[in-house]
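Inspection log for the structure reproduced underneath, given as structure tokens.
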Amino acid sequence: MRALEAVAISVIFVIFSAYFHVIAVYKPPSLHVYSVNRALAWLLLRSDSLPYTGKLKGLIVELIPSVVYFDDGESIIYFRDSARVYSFRIVWLGYNGTLSPRVVVVGVEP
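Position one of the sequence shown corresponds to residue 490 (our numbering), numbered consecutively onward.
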């Protein structure tokens, strides 16, 4: 029974590895997704209280010049129209030890 389990795990691993290799080689993700994710990750690391102080919108506009809209859970602000928009969701769980989650959605054009 253990041998059958080992064979099943090996087959699943081979299928996953082959699928991942094909996806990575023939359809790599675009570079603008990486740049926006890096900017948003930097905002998460910079401060744990940005969405609670109201300074987040200004920093996002400053860091990401291709921003289309900004939704902080209270209001949605549109900066421009675009036919194609990628949405990125950022979740702050709280600040100074409090638990008050805040979800921020940023839309950028490619």
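Glycine included, C-beta positions come from ideal geometry on N, C-alpha and C.
- By DSSP's assignment, Y567 forms a beta bridge with Y558.
- Under the rule that a run must span 4 or more residues, the alpha helix (DSSP H) segments found entirely inside the region 490 to 539 read 491 to 515 and 520 to 535.
- R591 is bridged by DSSP to W581.
- Rounded to the nearest whole angstrom, the CA to CA distance from V597 to V557 is 5 Å.
- In the DSSP assignment, Y575 forms a beta bridge with V597.
- Between the region 583 to 599 and the region 549 to 568, the count of Cβ pairs shorter than 8 Å is three or higher; the stretches touch.
- Your pair R573 and P599 checks out as a contact, with CB atoms roughly 6 Å apart and the cut at 8 Å.
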